[in-house]
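S.K.: Pasting a structure here, questions to come.
Number of protein chains: 2
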Amino acid sequence: MNIIPFPDRAEWPALLARPVQSTQQIEATVAPILEQVRSGGDAALIVLAQKFDKVDLSEGGLEVATSEIDAAEDQLSDELKSAIRQAYQNIRLFHERQTQPVEKIETMPGVTCWRKSVGIEKVGLYIPGGTAPLFSTVLMLGIPAQLAGCREIVLCTPSNNPAIYFAAKLVGVTKVFRIGGAQAIAAMAYGTESVPQVYKIFGPGNQYVTSAKMLVAKEGMAIDMPAGPSEVAVYADDSAIPAFVAADLLSQAEHGADSQVLLVSTSKKLITSVNLTLTTQLGKLSRQTLAAKALENSKMILVESQADAIDLLNAYAAEHLILSVENAETVAEQIINAGSIFLGNYTPESVGDYASGTNHTLPTNGFARAYSGVSLDSFVKKITIQHITPEGLQNVGPVVEAMAEAESLDAHKRAVSLRLASLAEANPV
Amino acid sequence: MNIIPFPDRAEWPALLARPVQSTQQIEATVAPILEQVRSGGDAALIVLAQKFDKVDLSEGGLEVATSEIDAAEDQLSDELKSAIRQAYQNIRLFHERQTQPVEKIETMPGVTCWRKSVGIEKVGLYIPGGTAPLFSTVLMLGIPAQLAGCREIVLCTPSNNPAIYFAAKLVGVTKVFRIGGAQAIAAMAYGTESVPQVYKIFGPGNQYVTSAKMLVAKEGMAIDMPAGPSEVAVYADDSAIPAFVAADLLSQAEHGADSQVLLVSTSKKLITSVNLTLTTQLGKLSRQTLAAKALENSKMILVESQADAIDLLNAYAAEHLILSVENAETVAEQIINAGSIFLGNYTPESVGDYASGTNHTLPTNGFARAYSGVSLDSFVKKITIQHITPEGLQNVGPVVEAMAEAESLDAHKRAVSLRLASLAEANPV
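Residue numbers (the working numbering), protein chains in the order written: chain D, 46 to 474; chain X, 46 to 474.
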């Protein structure tokens with residue numbers, strides 16, 4: 046990895062910039078696919094599956110049969126099933142506590158306002174195919190959907206991995222479709238004869254899937270968040286164990302050649318040790334080519350002080366931030382931009398990826414400056430409700446009249462004045 | 046207004062559809078403006094202000110001087126100032142209670158997870174010019190920004206209305222710029238020499254502003270929500286007072302010719318009475334031409350039963366929903382799609398627009414199916430944090446190892462195994 050000692054603050058933006066992805070060309074490919082599915086429905090999905098995935102969906106159908114989903118359980122080892130069940134429990138427990146109780150607030154006497162959370166009726170989850178069958182993501186998206194009470198939970202995935210089906214059943218997915226790529230996003234955004242139209246779309250994917258999500262979002266479809274390559278930043282001092290740090294950097298790097306890995310430290314000794322053990326550990330990985338590629342673009346930054354480190358980390362806004370420093374919890378309090386933070390030597394990112402309870406769908410690419418990771422909030426709408434008594438209207442009405450008049454909105458004022466007049470008539474002083 | 050008696054459910058989608066707005070042409074106008082500001086900065090803003098707003102910003106500067114903002118107070122009547130202060134208090138009280146305390150959750154022994162809310166560092170608010178100076182929207186966006194602790198609150202508005210400046214000062218806006226239109230959105234999205242780049246953009250605007258927001262959102266900029274014309278649905282029975290209902294419909298209709306107004310009732314009598322009084326009241330409005338135009342496209346729908354009414358209202362997903370029915374609160378419990386709900390005869394929408402405490406930036410155009418209105422949540426990110434003790438890792442570690450292996454993510458597994466091995470070595474059984 047490139048070691049950068051004491052960079053000037055003026056250099057930070059360039060150092061911390063993510064590779065810019067040109068989206069125009071991908072959009073030009075994706076937009077016609079969206080249109081094809083919008084106008085062609087199921088038939089278009091079958092043609093596109095043949096074209097891109099070399100799969101014939103005309104026989105087995107687009108939807109995965111319940112019997113196939115039920116049968117998945119028998120294909121998994123007991124060890125894996127019990128691991129998935131434990132992860133399910135932990136994730137469920139953490140997300141359950143995000144439920145917000147209804148609280149009525151009297152802002153003025155007789156003026157009562159509250160909010161209620163309602164699950165989004167229909168949501169769509171996308172799980173990519175590829176080498177890593179991301180059943181963990183089925184849990185991460187499905188559990189909050191289930192807790193929110195979403196009535197229809199649609200899952201599109203080109204993978205037929207039994208662990209994905211097993212997880213889908215656990216979280217109460219209502220329909221599974223063997224559809225992949227941008228066309229899956231289109232199917233859920235517009236609906237087809239088989240695929241229900243949903244109101245919000247979640248999940249990871251390649252650049253085509255991401256582009257499809259951004260394009261349907263431009264039309265008003267809700268999506269979880271914009272996405273970029275996965276990334277980790279580790280801030281470590283001499284209390285960190287170099288082999289652990291190296292293992293954490295590698296567990297990020299193996300995601301793909303475009304993964305972002307950053308190590309920040311005030312200790313030159315630590316940086317040197319990590320760099321050494323990194324090379325040894327890399328040799329032992331099955332995905333070492335991918336990981337090595339990712340490390341080529343990655344950086345180890347030596348900084349003067351903890352204050353510098355914190356500023357730099359806040360400027361970077363990492364998806365995952367590991368704080369392997371002595372005073373980790375104090376440092377965490379000063380972090381204002383990050384997706385998820387991992388404290389100390391025994392909290393590797395991979396535990397958060399699978400089973401600690403937190404969600405692993407997190408803002409990448411600096412989006413943590415404005416976005417949160419997926420949570421129960423992502424699957425509910427909060428509807429505000431208000432009730433005003435006649436007395437309440439007498440209290441708040443004059444405020445509204447004055448403001449509406451100043452905004453030149455007559456009818457807004459009249460809706461109040463008419464009621465106040467009728468109250469005055471009914472109860473003359 | 047068009048009265049539609051007992052429409053068949055099959056007709057609902059067409060009846061409830063919002064007018065489709067073709068965005069392509071507007072985008073073609075807006076995209077070059079965004080590019081111009083991105084590359085040209087302040088100079089481009091000055092050129093565009095001259096071109097679109099016939100305003101010369103080269104002399105007075107883009108930023109409104111603090112002295113001008115401070116002077117605004119003296120230009121307002123005491124009545125208006127005290128109304129704005131009261132609204133400020135109510136809105137602040139309601140939004141303050143949306144603060145979520147940090148709660149640490151032990152999902153397994155030794156595995157502790159929590160979330161902390163952090164204000165988005167830099168936010169941008171847009172307030173349009175035009176006939177109605179929307180200082181109320183300054184409160185609705187600025188108060189939660191202030192409560193969230195956003196460090197930089199940028200306001201762009203082509204209006205120099207003193208009430209807007211007064212409200213901006215109340216909510217702690219840090220910088221005000223006299224920039225309007227799509228170019229204001231571009232300035233805040235990309236930053237210029239004068240205008241700070243922000244991380245999330247909020248606020249209403251015309252189709253050009255909306256299009257600019259959607260285009261920068263496609264690039265990853267966070268925005269409050271997609272927008273469409275404002276709308277109200279009123280569900281009324283014979284307990285409703287027809288003159289009040291008519292006044293509420295008109296207070297929506299006066300927003301603009303494209304406003305959507307819908308009345309749903311099981312009572313033909315009520316519908317007839319509202320329709321009559323509507324005509325009389327319309328004649329008294331200063332914005333009657335606009336309102337009359339909006340009413341032309343609006344509908345009164347007679348339904349068979351309360352169950353039908355609720356289904357129809359959920360299918361419509363109104364921005365504002367007034368329930369002027371005897372059992373309003375019970376009905377509200379069955380509403381799953383709406384921006385904000387107003388209960389009973391004395392809760393006109395305009396109170397929520399200004400001063401009850403709820404936010405008036407709400408999802409239009411059916412977006413309430415997936416989106417919530419603006420709240421404190423809109424101005425914070427929730428960062429998850431986790432800490433695992435050595436014992437905790439021994440509990441959760443094997444779960445992670447099994448799942449990572451099944452997802453073929455070696456290095457994820459190794460990050461745990463390495464630590465578990467080191468613990469086993471340190472404490473041999």
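Beta carbons: idealized from backbone N, C-alpha and C, even for Gly.
1) Please decide whether D/LEU295 counts as near chain X, where near means a Cβ-Cβ distance under 8 Å.
2) Is it true that the CB of X/GLY86 sits closer than 8 Å to the CB of X/TYR171?
3) For chain D, is any of its Cβ atoms less than 8 Å away from the one on X/ASN410?
4) Give a yes or no on whether the minimum CB-CB distance between D/SER181 and chain X is below 8 Å.
5) State whether the region 284-299 of chain D contacts the region 452-467 of chain X, with contact taken as three or more CB pairs (one from each stretch) at a distance under 8 Å.
6) Which residues share a DSSP beta bridge with D/PHE387?
7) Establish whether the CB of X/HIS432 and some CB of chain D are separated by less than 8 Å.
8) Would you say X/PRO154 and X/GLY442 are within 8 Å of each other, going by their C-beta atoms?
9) For D/GLN120 and X/GLU166, what's the separation of their Cα atoms in angstroms?
10) Using a beta-carbon distance below 8 Å, is X/THR274 in contact with chain D?
11) Taking Cβ positions only, does X/GLY265 come closer than 8 Å to chain D?
12) So who's on the other strand from X/ILE49, going by DSSP bridges?
13) Can you tell me the Cα-Cα spacing of X/HIS140 and D/GLU148, whole angstroms?
14) Measure the beta-carbon distance from X/GLY411 to X/ALA362 and round it to whole angstroms, keeping in mind my assumption that it falls under 8 Å.
15) In chain order, what residues of the same chain have a beta carbon less than 7 Å from the beta carbon of D/ASP282, not counting five sequence neighbours either side?
16) Here's a check: name, in chain order, each residue in its chain whose Cβ is nearer than 7 Å to the Cβ of D/ARG390, leaving out the five neighbours to either side.
17) Please list, in chain order, all residues of the same chain as X/ALA337 whose beta carbon is under 7 Å from its beta carbon, the five residues on each side excluded.
18) Just how far apart, CA to CA, sit X/ALA257 and X/LYS220?
19) Measuring CB to CB, does D/ALA208 end up less than 8 Å from D/LEU125?
20) Provide the residue(s) that pair with X/LYS426 in DSSP beta bridges, ordered along the chain.
21) Could you tell me whether the Cβ of X/GLN191 comes closer than 8 Å to any Cβ of chain D?
22) Counting beta carbon pairs with one atom in the region 315-325 of chain X and one in the region 348-360 of chain X, are three or more of them shorter than 8 Å?
23) Residues of the region 335-352 of chain D with a CB closer than 8 Å to any CB of chain X: list them in chain order, please.
24) Enumerate in chain order the residues of its own chain whose CB-to-CB distance from X/VAL243 is below 6 Å, with the five nearest sequence positions on each side excluded.
25) Kindly give me the distance between the Cβ atoms of D/GLN191 and D/GLY217, rounded to whole angstroms, as I take these residues to be in contact under 8 Å.
26) Since D/SER343 and D/LEU366 are thought to touch, with beta carbons under 8 Å apart, how far apart are those beta carbons, to the nearest angstrom?
27) Quick one, which residues of the region 384-409 of chain D are near chain X if we go by CB-CB under 9 Å, in chain order?
28) Under three-state DSSP, which class holds D/THR157?
29) For D/GLU197, collect the residues of the same chain with a Cβ closer than 8 Å to its Cβ; drop the 5 residues on either side in sequence, then sort them by chain order.
30) Compare the C-alpha of X/ASP303 against each of X/ALA62, X/ALA291, X/GLN431, X/GLU276 and name the closest.
31) Can you tell me the Cα-Cα spacing of D/GLY402 and D/ASP269, whole angstroms?
32) Going by DSSP, name the residue or residues bridged to D/ALA278.
33) CA-CA distance, X/HIS457 and D/ILE346?
34) DSSP on X/LEU200, reduced to helix/strand/coil?
35) Counting C-beta neighbours from all protein chains within 10 Å, is the total for X/LYS99 16 or more, i.e. buried, or is it exposed?
36) Go ahead and label X/LEU321 buried or exposed: buried means 16 or more other beta carbons lie within 10 angstroms of its beta carbon, across all protein chains shown.
M.R.: Taking the geometry as given:
1) yes
2) The answer is no: Cβ separation not under 8 Å.
3) yes
4) yes
5) yes
6) D/ILE367, X/GLN431
7) yes
8) Not in contact: X/PRO154 and X/GLY442 (Cβ atoms no closer than 8 Å).
9) 49 Å
10) Note that residue 274 of chain X is Pro in the sequence shown, not Thr. It does not: the Cβ of X/PRO274 has no partner Cβ on chain D nearer than 8 Å.
11) yes
12) DSSP lists X/ILE346 as partners of X/ILE49.
13) 12 Å
14) 5 Å
15) SER310, THR311, SER312, LEU315, VAL370, GLU371
16) Reading the sequence as shown, one finds Asn at residue 390 of chain D and not Arg. In its chain, beyond the 5 residues on either side, ALA285, ILE286, PHE289, SER369 have a beta carbon closer than 7 Å to the beta carbon of D/ASN390.
17) LEU327
18) 21 Å
19) yes
20) Answer is X/VAL163.
21) no
22) no
23) ALA336
24) LYS167, VAL168, GLY169, VAL199, MET233.
25) 5 Å
26) D/SER343 to D/LEU366, Cβ: 15 Å. No contact.
27) GLY384, SER385, ILE386, PHE387, LEU388, GLY389, ASN390, TYR391, THR392, PRO393, GLU394, SER395, VAL396, GLY397, ASP398, TYR399, ALA400, SER401, GLY402, THR403, ASN404, LEU407, PRO408
28) Strand.
29) GLU166, LYS167, VAL168, THR219, LYS220, PRO241, VAL243
30) X/GLU276
31) 19 Å
32) D/LEU307, D/LEU366
33) 23 Å
34) strand
35) Exposed, because fewer than 16 other Cβ atoms sit within 10 Å of the Cβ of X/LYS99.
36) exposed
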